[in-house]
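Enquirer: One rule links them: number in our numbering = place in the sequence shown (from 1) + 191. Ideal placement from N, C-alpha and C gives every residue a C-beta, glycine not left out.
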Amino acid sequence: MADTQKALEVKKKKVDPRTVLPEQYHEFLDVFDRKEADKLPPFRGKRVDHEIGLLKKDGKEQELFGDR
192 MADTQKALEV
202 KKKKVDPRTV
212 LPEQYHEFLD
222 VFDRKEADKL
232 PPFRGKRVDH
242 EIGLLKKDGK
252 EQELFGDR
């Protein structure tokens, strides 16, 4: 059982991007920053952000949850 648990564990090895990126791209290293990548973009307001409405063929709104 312990071997199974060990096999199922996700192993994430942290890699320094400097070691895998060619030197010509080192000016873009901030793109690979994990902390920055995990952040959500700021809310930009109603004029920029928009809703995507899903419609059925009959023109009514589609239910996303509930009985199907």
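Looking at the secondary structure, which residues open and close the alpha helix (DSSP H) in which GLU218 lies?
Expert: In the sequence shown, counting from the first residue as 1, residue 218 sits at position 27. Run containing GLU218: none; DSSP gives neither H nor E here.
Enquirer: On the premise that LEU220 lies in contact with PRO232, defined as a C-beta separation below 8 Å, what is that separation, rounded to the nearest angstrom?
Expert: Position 41 of the sequence shown holds residue 232. Position 29 of the sequence shown holds residue 220. Actually they do not touch by this definition, with Cβ atoms about 20 Å apart.
Enquirer: Got a sec? Which residues, its chain only, sit under 8 Å from VAL206 by beta carbon, not counting five neighbours each side?
Expert: Numbered from 1 along the sequence shown, position 15 holds the residue referred to as residue 206. So the list is empty, once near-sequence residues are dropped.
Enquirer: Express the C-alpha separation of ASP229 and PRO213 in angstroms, rounding to a whole number.
Expert: Here residue 213 is taken as the residue at index 22 of the sequence shown, counted from 1. Here residue 229 is taken as the residue at index 38 of the sequence shown, counted from 1. Cα to Cα, PRO213 sits roughly 24 Å from ASP229.
Enquirer: Where does LEU199 fall in DSSP's three states?
Expert: By 1-based counting over the sequence shown, the position of residue 199 is 8. LEU199: helix per DSSP, three-state reduction.
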